[in-house]
Each structure stands twice: as structure tokens, then as C-alpha cells.
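Mind the numbering: the sequence shown is residues -18 to -1, 1 to 819 in mature numbering (1 follows the signal peptide of the UniProt record, and there is no 0), read in order. Glycine residues also receive a C-beta, built at the ideal position from the N, C-alpha and C atoms.
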Amino acid sequence: MTQIALMLLALAPTAGVAQTTAAQTTAAQTPQEEPTTVLPDVEVTAARRGVALGGQEPIVSYDAAQIQAFGATNIGELITLLEAQTRSARGGSPVFLVNGRRISGFREIRGIPPEAIERFDVLPEETALSYGYSANQRVVNIVLKADFKSLTASVNVSRPEQGGRTTTASENNVLRIAGGDRWSLDINGTTANTLFETERDIDRSATAGGATGDQANAYRTLLPKTDEVSVAGTYKHDLNDKVGMTLSGSLEDSSSFSYQGLPNLLLNVPGTNPFSPSGQDETLFSYLDLPGSLTRKTDTRTAELGTVFDGYVGDWRWTATGEYSRVETDTSTGRGVDEVALQALIAGDLTVNPFGDLTSRATVNPRDTANSLAQTATAELVLNGRPYELPAGDITSTFKVGAGYQSLDSESVRSGVAVDRSQSRNSGSVQANFDLPISNVDRGILPKIGDLSANVNLAYQELSDFGGVSSVGAGLNWSPVERLSLSANYSDEGKAPTVQQLNDPTISTPNTPVFDFRNSQTVEINQITGGDPNLKAEDRRILKLGMNWQPVSAQDFRLNLAYTRTEADNEISSFPAITPDLEAALPDRFVRDADGNLLSIDARPLNFFKREQQDVQWGFNFSRPFGKPNPPEAGQRPGGGRPGGGMMMGGGPGGPGGPGGGGRMRGSRGPGMQPGQGMFNLSLTHTWRVQDEVVIREGLEPLDLLDGDSISGSGGQSRHEVQLQTGLFKNGLGAFVNANWRAGTTVNGDALGSPDLDFSGRTTVNLFAFADLTQRTSWVERFPFLKGTRIGFGVQNIFDDRVSVTSSDGATPINYQRDYLDPQGRVFRINLRKILF
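Next up, the structure:
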């Protein structure tokens, strides 16, 4: 027994958890450790590798076998498939860790093949506090295998059933993991051709101005031509037994090209003109065959560098990160032709036939241009440790200090008028987080109430161009019985607008179709976008109550429930949809002529005076193996279970279940997949929005986005939304289904006769099936080149279900037609992937 105890002490530390001695730290980082050691008649199970800090129970956890059922090409695609699990009800994008450690950026892991993953944990927002992030982001902790190497090449071709557009993507990755060392290289490219309105069923007969015929649809882009190429690389190395280093960088060049239609003219032809058929004054509307005069081209070049150093000083774990990014964007927009000059030509030269082809007579206006250069440099230092011990366990603390620099230089030329703007920002920030254990079953401290811990966090950020913003939060984590975890958290967060929201260059887009509620028609306007220097800081107060429950210890079935209430003052938002209520609240954003025709909209971001939201999100995750396992080989113990088997969360100092913890479920994961078996996954997430109200300006009535009001071009806010995912995998064959349903909404008109718009609900079902030919042994023996090959076939939106919009007057506005809202519909996809080990 003494020998077994000594082995447990040697194996217990993990690479993702701070330990109490330098010797334990060294053991935690030893890459050759195996999670299970087998002695004669004795099996010893160690703590799981790479467990995240904070002691929070994962909302969902996938092992290597389950991950294969998704059929993802790389981690980037896997994250997309698991968006329902990684998305926070508080609105933040997820934080990514590798082996329980911070990384230098998502580029570091995006191209890594799923075969390199040992475990994939999605943790609640409270875990982010232990890494110096805010508590509005879920945490994705990806534990990689200790020894892995591969060369992966993938080609993906997709095309909608209606044709017109083909997207081809090539993704290539080289990866080598050897204990504490890891390096990778990604080379990717994507291209897609232009999709025009003439390739879809777009009816413009109801356009204001009476435009009809093929010219109304000619040279109008539904989806632009796009090209993108990127290179990214990462190098990770442990400098010694206490300090690790990661370097990463990427370069990306992307471009898009779109058409805004043919330039149109509205000319006054006097009755005295010799070409006038009626001899009366007439208004002539016509198009000119000059598509190049209304095009837009955007080029973006992005460069990023990142670094992470981490290690231990005594019992304290430290992480230092630095990142620099440079994004340069050039935009060129055609402004059509000089209509004033043509009008003067007709009036002054009676030999010019205004009813004929005026293309050769037109003068093309100079193009609008915009250039922006955004640069960001940040540095942060995070310390994690256990400064004091209470009867129920250690107090765990996280301290972060950070500094940053941002600049945005923009230069735009609109209608020949040049505007130069420049803004920079220096920032400094501090953050502290404390986890305080109150009761602990294992220690016998108030065992009747279970495990209970409290959390307190504070943050302050000083911005040179904006002043200070602060955040404060507190929470409780409670596990009254095994396999049940409850939490309550409250935060009051300040948020300043970004430099881009304040200072992006002003861009005007002509011929933008919008539905004008006042006149009950679709009109083509100039839409102005860019930054707004008058934005205020946002203040957001969030209350979240959560539950995570595993009803039966022998089954990998977990229920989760979260209630979130959010109140925001001066919420920063992109410009909402055009409604009568919005125009009444923001009349200065709309330009109309003397007859009330809408000409232009200023669609730059703005502050809402107040917003209140309540929602309930619940769901479950279930997985289990199926089929009969292969007989155990000689010397192999039966029923091996999952890698690292045993309890879902390992014990030991600092790890979940160890001293200082609160809110642990202390549950098991259920049986794992054995050789010869298959794996079945099923997850469901239902979001029920109880309240969503916005007050645009002080003194106005709130807009109820769940009952007839809207701030979105896609209708009101759906009260219910359901996401379902399921997958099967066995012997190299797999299939994954992702289904999403969103309830319909209605946008009410006004008392002046504006029509109501009904937006139908939508159900999209996506399927991807694949075959890993490596596991078809007989085929590989006959055709060795099939080794490492996977072929896949997918269908996006199998039932071609798209939102249908109908007006109370029986018509469908142009910009709400189904082919306009979703030009692709049902899309077929073919994937060929080759991985070499």
C-alpha cells in the first residue's frame, strides 16, 4: 500500500493545475507520464491531464472517441460544429486553453487535426476568471495527446443546388507533439466566385422608381467573389522544468469584389426636345451599360504575432502573454456617373437623343476610396496561487496586470472630399479573482451542506482616450450532493467602445436596398458605415443562475440549465433595422427629399439608452458506446474504459475534488468505448427568451423585440431557439447531423398605415457523412495509398428551408425575398482528407 501511495503522489499533479511544491510541478510537466499505471493485480488511476484551473465542472466533455464522431477536419471546424455548447448566454466568444494553459491566439490551434486531441472540455464562464478573462466567456480547454505527429492535407468543395457559386478550400497542416514541445504550420487558401441576382429568382418590379426588366437585376451581386490565403505557424518549447515558451505568427491576405448594379438616371426631358414622343415635359428613368462604375473592391492584409511564457515561482503559477496585430484595409467604391452633366448635355445639345443609348456620353464619377490601418499591441501577466488556507481548503487567487496600445489611422475620399482621421489609445488594466471555500465534504467541514465556495472578482481599466471603466462580480458554487452542481453569479461590467467603433473610415455604399416602412416599398439608398466618435461607454449588469446535473453515475448523461438576466445602459450596437419607431427616435440618421422619399441612412454604430433581457437556456449531453467489444488481447485487462478512466475529475492538490474546491460534482463519466465498439453522441440546447426590450433614447417607450418590434434586418427576436446535434462513429464510418430551429417573428407597422411583416420560423438540418479508409483493413492492404485517407460528403440545409417574409398587404419586399436573404439554400459539399502519421 505504501508503494501505491507513493505512485499516486508522483502521478497526481497535472500540467494545467498549480501545485504546492517544485517537485510536484516538475512531475506535472513530465510528458512521458501515462494516465494509468498497471501493477500485478492493481490498477492505479491518476488525475486527468491538463485540467483547467478554477475547479469548475465541465458543461460537456468529449474524449478522443467522441470527437471522431463529428468528422471535423481540424479544430477550427470542430469549434464551429460545437457552437451551441461553446456560446455563452452572456454574449462573449469562448476562451481557448491548451492543456489547461493560456495560448497565444486561436491561430495557434486552428489547423490542428482532431486526431491529436485527447479531451475537449467546455467549462462555464466562471472558469475564465482564473485566467484573467472576464466572466462573460465560456472556456474551451483542449487537451492534446502527449506524443503525436501528422501531415494533413484537405480539400473541400461546396456548391449550392441552384448552382452559380463554387467555393473551394484547401487546408494543410504539419504538426509535431513530443512531450512539452510542439510545433505546427498551417497553409490555407479559399476561393469563391461571384453569385449574381440574375442567377436567382429576384423580382425587382416593385422597386421604387418603377424599374423593370433585366437591367434592374443586371450586375448585382448577391455574394461577392472572394479569395483568401493564409500562413500560420506555432512553436512551443519548455525552456526548463519550470518555464515554457510559445511563439506563434500568421499572415493573411483576403480580397472581395462585388457589383452594385448598373448606374441609373432620372432625367427631365422638356417637351421642346425634338426626340420627345409626346411633345410634353417627361421624366426619363434609364440604365447605362457601365457595370464597372458601381463596383466595390476590398483588400485586407493581416499580420499577427503572439507569445506566451509560463512557469512557477514557488507555489505561484505565472503566465506572461504578448500579442501584436496589424490590419490594413483598402476599399474602393464606384460612384456611378455624373447625372448633372448628362442633364446639362441634354438641355444644351438638341442632337443628343435622351431616349437612346447615353453610355458613350456619360462621365464616370471618381471612385470613393478608404484606407485604414489598425495596430494593436498588448501584454499581460497573470498570477495564480493559494496564499491562505481556510478550514474548508485553500483560497485560490488570480491576479492580472495588463497594458496595451491601439491605433487606427483612416483616410477616406467621398465625392472628392478627403477626410483623414487618426486615433490612438493607451490602456492599463488590473484584475483580481478570489475563490473562497466555505464547506468541504472530504475535509468534514460542514459536510451536511455539501461543497460550497464563494467567488469575488474586480477589474479596472484606464483608457487614455476614454477614461476608466470598472467591473465587479461575485458568485457562489454549491454541490449539495454528488453529481449535482449549482451556481449563482452577478457582475457589473463596464465596457468602452473599441477604436474601430469610434474611428473606422466612413464608407458610402450606393444602391443598397432597404424596406421603407413609411412608404411601404423597397428603395435603393446610400448607406453610410464607419465609426462614430460620439459613442459612450456601456454598463452591463448580469445575473446568472446555473445547474449541472448527472442523474445516473453509470451513464454519460448530463443536464444543464442556466437563467440569465442582463440590464445594459448605453449598450453599443450596430445600426438596427429601419422601422418607424427607429426613425422617430433617430431622425438625424435618415435623409429624405421634399416628397418624403428615403435617400440615405447613417448606419454607423450607436448607443441604446437601455436594454433588458432575460433568457433560460437548458439542454443535455449524452453519449454511450454501442456494439460488442473485441475480445481482450493477451495481457490486457478487460473493461479498460476511457483513457485515464475512473472518476471524471481527478483529485489531488489544486485539482477538482481537492482542497480549496467548491461546486464540484464529483461524478463519473460512465463507460467508455472499447476496441470494436462504436460511439453515439447526442446533445440538445433550447434557448427560451423571456424578455428582450430596448429603449433607444431616453424618454421613449421601450421596444419589445419579442412582440412586434425589431432592431434587426432579419425580423424581431425569436422567443425560442433549439439546436440539436447527434453523431455516430464505428470502424471508420461516421455521420453527424446538426439541426437548428428558430421560431418565427412579426414586425409591426405603425398607425400611419405601414404594413406588418411576418417572418416565418426556420429549421435547418445539416448532414455530414464520412469514411476513414484507414480502418478498412482489406482495402488498405490492397491499395496502400488509402492509408490515412478520409472521404466525406455533406449537405447543408437538407430541406432547403429558408425564411419566408410576407407583408400584411400581401407583398414580399425585394430585400426580404428568400433568394435575397439566403442565396445559397441547399448546399452540397465534398471533402477529401489525407493524414500521414
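Excluding its 5 nearest sequence neighbours in each direction, residue 264 has C-beta neighbours in its own chain below 6 Å: 251, listed in chain order. For residue 384, the CB contacts under 6 Å within the same chain, skipping 5 residues up- and downstream, are 362, 411 in chain order. Using a Cβ-Cβ distance cut-off of 8 Å, the segment 30 to 46 and the segment 95 to 109 are in contact, since at least three pairs of beta carbons, one from each stretch, lie closer than that value. Residue 409 is a Cβ neighbour of residue 445, given a cutoff of 7 Å.
Rounded to whole angstroms, residue 787 and residue 548 show a C-alpha spacing of 30 Å.
Secondary structure of residue 322 (DSSP, three-state): helix. The alpha-carbon of residue 699 is positioned some 32 Å away from that of residue 278. In terms of Cβ geometry, residue 415 and residue 380 form a close pair [threshold 7 Å]. In this chain, the beta strand (DSSP E) harbouring residue 371 covers 350 to 372. Taking residue 727 as reference, the option from 736, 718, 694 with the minimal CA-CA separation is 694.
It is roughly 32 Å from the alpha-carbon of residue 294 to the alpha-carbon of residue 407. Straight-line measurement puts the Cα of residue 366 at about 7 Å from the Cα of residue 112. Unbroken beta strand (DSSP E) runs of no fewer than 3 residues, entirely contained in the segment 707 to 762, are found at 715 to 724, 727 to 729, 739 to 741, 744 to 754, following chain order.
DSSP places residue 49 in the uninterrupted alpha helix (DSSP H) bounded by 46 to 50. Straight across, the Cα-Cα distance linking residue 729 with residue 499 is about 10 Å. Here residue 612 is exposed, its C-beta having fewer than 16 other C-beta atoms within 10 Å. The Cβ neighbour count for residue 34, taken over all protein chains shown within 10 Å, is at least 16; the residue is labelled buried. Residue pairing by DSSP places residue 444 opposite 410, 450 in a beta bridge. When secondary structure is reduced to three states using DSSP, residue 224 falls in the coil class, being assigned neither helix nor strand. Of the candidates 432, 169, 751, 678, 169 places its Cα closest to the Cα of residue 157. Burial state of residue 326 is exposed, judged by a 10 Å Cβ sphere holding fewer than 16 other Cβ atoms.
C-alpha of residue 143 to C-alpha of residue 813: approximately 17 Å in a straight line.
In this model, residue 402 and residue 391 are separated by some 8 Å (Cα to Cα).
Only exposed fits residue 397, as fewer than 16 other CB atoms lie within 10 angstroms of its CB.
With respect to the 7 Å criterion, residue 120 and residue 173 are not classified as neighbours on the basis of their beta carbons. Residue 443 and residue 491 have their C-alpha atoms roughly 36 Å apart. Residue 473 and residue 524 do touch by the CB rule: their CB atoms are close to 5 Å apart, below 8 Å. A buried status is given to residue 125, since no fewer than 16 other beta-carbon atoms sit within 10 Å of its beta-carbon. Here DSSP, grouped into helix, strand and coil, assigns residue 42 to strand. Nearest Cα to residue 718 within the set 42, 53, 44, 32: 53. Pairwise C-beta distances place the segment 253 to 273 out of contact with the segment 221 to 230, as fewer than three of them are shorter than 8 Å.
Per DSSP, the beta bridge partners of residue 171 are 152, 211. Residues 13, 159, 160, 161 of the same chain have their beta carbon placed closer than 8 Å to that of residue 129, with the five preceding and five following residues left out of the count. Going by C-alpha positions, residue 248 is about 6 Å away from residue 266.
Contact check for residue 419 and residue 484: beta-carbon distance about 43 Å, past the 8 Å limit, so the pair fails to qualify. Annotated three-state conformation of residue 537 is coil, per DSSP.
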